[in-house]
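Each protein sequence line maps, in turn, to chains A and B. First residue of the first sequence? That's 10 in this note's numbering, and the numbers climb one at a time after it. First residue of the second sequence? That's 12 in this note's numbering, and the numbers climb one at a time after it. In this text, a Cβ means the ideal position worked out from N, Cα and C, and glycines have one as well.
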Amino acid sequence: ETGVTQSPTHLIKTRGQQVTLRCSSQSGHNTVSWYQQALGQGPQFIFQYYREEENGRGNFPPRFSGLQFPNYSSELNVNALELDDSALYLCASSPNPREGEQYFGPGTRLTVT
Amino acid sequence: GENVEQHPSTLSVQEGDSAVIKCTYSDSASNYFPWYKQELGKRPQLIIDIRSNVGEKKDQRIAVTLNKTAKHFSLHITETQPEDSAVYFCAASVYNNNDMRFGAGTRLTVKP
Numbered sequence: 010e011t012g013v014t015q016s017p018t019h020l021i022k023t024r025g026q027q028v029t030l031r032c033s034s035q036s037g038h039n040t041v042s043w044y045q046q047a048l049g050q051g052p053q054f055i056f057q058y059y060r061e062e063e064n065g066r067g068n069f070p071p072r073f074s075g076l077q078f079p080n081y082s083s084e085l086n087v088n089a090l091e092l093d094d095s096a097l098y099l100c101a102s103s104p105n106p107r108e109g110e111q112y113f114g115p116g117t118r119l120t121v122t
Numbered sequence: 012g013e014n015v016e017q018h019p020s021t022l023s024v025q026e027g028d029s030a031v032i033k034c035t036y037s038d039s040a041s042n043y044f045p046w047y048k049q050e051l052g053k054r055p056q057l058i059i060d061i062r063s064n065v066g067e068k069k070d071q072r073i074a075v076t077l078n079k080t081a082k083h084f085s086l087h088i089t090e091t092q093p094e095d096s097a098v099y100f101c102a103a104s105v106y107n108n109n110d111m112r113f114g115a116g117t118r119l120t121v122k123p
C-alpha cells in the first residue's frame, strides 16, 4: 500500500508569482483534501476533491484553486502569491468523503518573499 | 461556520502522570471529532476519533469523551511517556473528512 506523497518538499516564491503543489493519494483513495498550516497553528481546510469535482471549500479566496485527475492525484494552485501564503501545505487522502480515516502527506513548505 | 477552540496551548507533565486536553466547538451539526498527533517536522496522524452517537471511546492509554449538549470534547492520556511529547490537534466536522476544522493545537511535553 503506497502512502500519500507530496511534491515539492520546499519551495521559495516571490510575492505576485503563481505556484502549483502536487499530491498523490494513497492507493484506493478517491478523495483528497488540502490544508494550509501556518507556523504554530492548526491546519485550515482549503478544499476537498472527490472524483475530480470540488466537494467543499473553506474560507479561502478564489486565487486558491485545485484539480483532481482520473488517478485521484491532485494539484493545488495559488495565484498572485502574498506574504501570508507562507505556510506548510498538507494534503490528505481518504477512501471517500463520508467514511474512513484520512491520511496526511508530508507537506510542502512554501515561503513567499 | 464551525469554530474549534482548544486548551491549553501548552502542557507539561511528569512521566507517568495523566494529561487532559479540552476542545469546544460551535456548530451543533458537527458529528465527527478526531484527534491528531503531530511530531516535530512530521505529518499529523490520527490517534483516536469519536462520533456523536458515542459519549466515550478508549484505546489503551488514550481516551476521548464527548458532551454534545455542552459542545465540548476532551482527550485523556494516562501513564504518559516521553514519546507522547508532540503537538495534539482536535478537530470537528459534519461530514467525516469534509470541511474539517482544527483547533490551534496543544504542545504536550512529558518530562522523564
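Residue i - partner residues in DSSP beta bridges
{"i": "B/K68", "result": "B/V75"}
{"i": "B/Y99", "result": "B/K48, B/T117"}
{"i": "A/N105", "result": "A/E108"}
{"i": "B/V15", "result": "B/Y36"}
{"i": "B/S85", "result": "B/K33, B/T76"}
{"i": "A/S33", "result": "A/T14"}
{"i": "A/T122", "result": "DSSP lists no partner for A/T122."}
CA-to-CA distance, residue j to residue i, given in whole angstroms
{"i": "A/S34", "j": "A/T40", "result": "8 Å"}
{"i": "B/S63", "j": "A/H38", "result": "25 Å"}
{"i": "B/A97", "j": "A/N64", "result": "31 Å"}
{"i": "A/Y59", "j": "B/P123", "result": "45 Å"}
{"i": "A/Q15", "j": "B/S39", "result": "34 Å"}
{"i": "A/Y98", "j": "B/E16", "result": "21 Å"}
{"i": "A/L20", "j": "A/G51", "result": "21 Å"}
{"i": "B/D95", "j": "B/T120", "result": "8 Å"}
{"i": "A/W43", "j": "A/P106", "result": "13 Å"}
{"i": "B/A81", "j": "A/E62", "result": "36 Å"}
{"i": "B/G116", "j": "A/N80", "result": "33 Å"}
{"i": "B/R1", "j": "A/G67", "result": "Residue numbering for chain B in the displayed model covers 12 to 123; residue 1 of chain B lies beyond these limits and cannot be assessed."}
{"i": "B/C34", "j": "A/D93", "result": "27 Å"}
{"i": "A/S82", "j": "A/C32", "result": "6 Å"}
{"i": "B/S85", "j": "B/Q49", "result": "17 Å"}
{"i": "A/R118", "j": "A/S95", "result": "8 Å"}
{"i": "A/Q57", "j": "B/H18", "result": "28 Å"}
{"i": "B/E90", "j": "B/R118", "result": "17 Å"}
{"i": "B/H83", "j": "B/V105", "result": "15 Å"}
{"i": "A/V13", "j": "A/E84", "result": "13 Å"}
{"i": "A/A47", "j": "A/T122", "result": "15 Å"}
Host beta strand (DSSP E) of residue i (start-end)
{"i": "A/N86", "result": "83-87"}
{"i": "A/E63", "result": "62-66"}
{"i": "B/A30", "result": "30-36"}
{"i": "B/D128", "result": "Since the displayed chain B opens at 12 and closes at 123, residue 128 of chain B lies outside it and no answer follows."}
{"i": "A/L20", "result": "19-22"}
{"i": "B/T91", "result": "Segment: none, B/T91 is in no beta strand (DSSP E) and carries neither H nor E."}
{"i": "A/L76", "result": "73-77"}
{"i": "A/Q15", "result": "14-16"}
{"i": "B/Y106", "result": "Segment: none, B/Y106 is in no beta strand (DSSP E) and carries neither H nor E."}
{"i": "A/T123", "result": "What the structure shows of chain A is the stretch from 10 to 122, and residue 123 of chain A is not part of that stretch, so it cannot be assessed."}
{"i": "B/L22", "result": "21-25"}
{"i": "A/F54", "result": "53-59"}
Counting Cβ pairs closer than 8 Å, one from the stretch 56-74 of chain A and one from the stretch 26-38 of chain B, do we hit at least three?
no
When Cβ atoms are compared, which residues of the stretch 105-118 of chain A fall closer than 9 Å to chain B?
N105, P106, R107, E108, G109, E110, Q111, Y112, F113, G114, P115, G116
Would you check if there are 3 or more beta carbon pairs closer than 8 Å linking the stretch 76-96 of chain A to the stretch 21-32 of chain A?
yes
So if I threshold CB-CB distances at 9 Å, which residues from the stretch 37-48 of chain A count as touching chain B?
T40, S42, Y44, Q46
When the Cβ atoms of the stretch 99-116 of chain A are set against those of the stretch 55-73 of chain B, are three or more pairs found closer than 8 Å?
yes
So, do the stretch 93-110 of chain B and the stretch 32-51 of chain B have three or more beta carbon pairs nearer to each other than 8 Å?
yes
Using a Cβ cut-off of 8 Å, which residues of the stretch 86-106 of chain A contact any Cβ in chain B, in chain order?
L99, A101, S103, P106
Along the stretch 83-107 of chain B, what residues have a CB closer than 7 Å to any CB found in chain A?
F100, Y106, N107
Pull out every residue of the stretch 58-79 of chain A whose Cβ sits closer than 9 Å to any Cβ of chain B, in chain order.
Y59, N64, G65, R66, G67, N68
With 9 Å as the C-beta to C-beta threshold (strictly closer), list the residues of the stretch 21-40 of chain B near chain A in chain order.
none
Taking only beta carbons into account, state which residues of the stretch 108-119 of chain B come closer than 8 Å to chain A, listed in chain order.
N108, N109, D110, M111, R112, F113, G114, A115, G116
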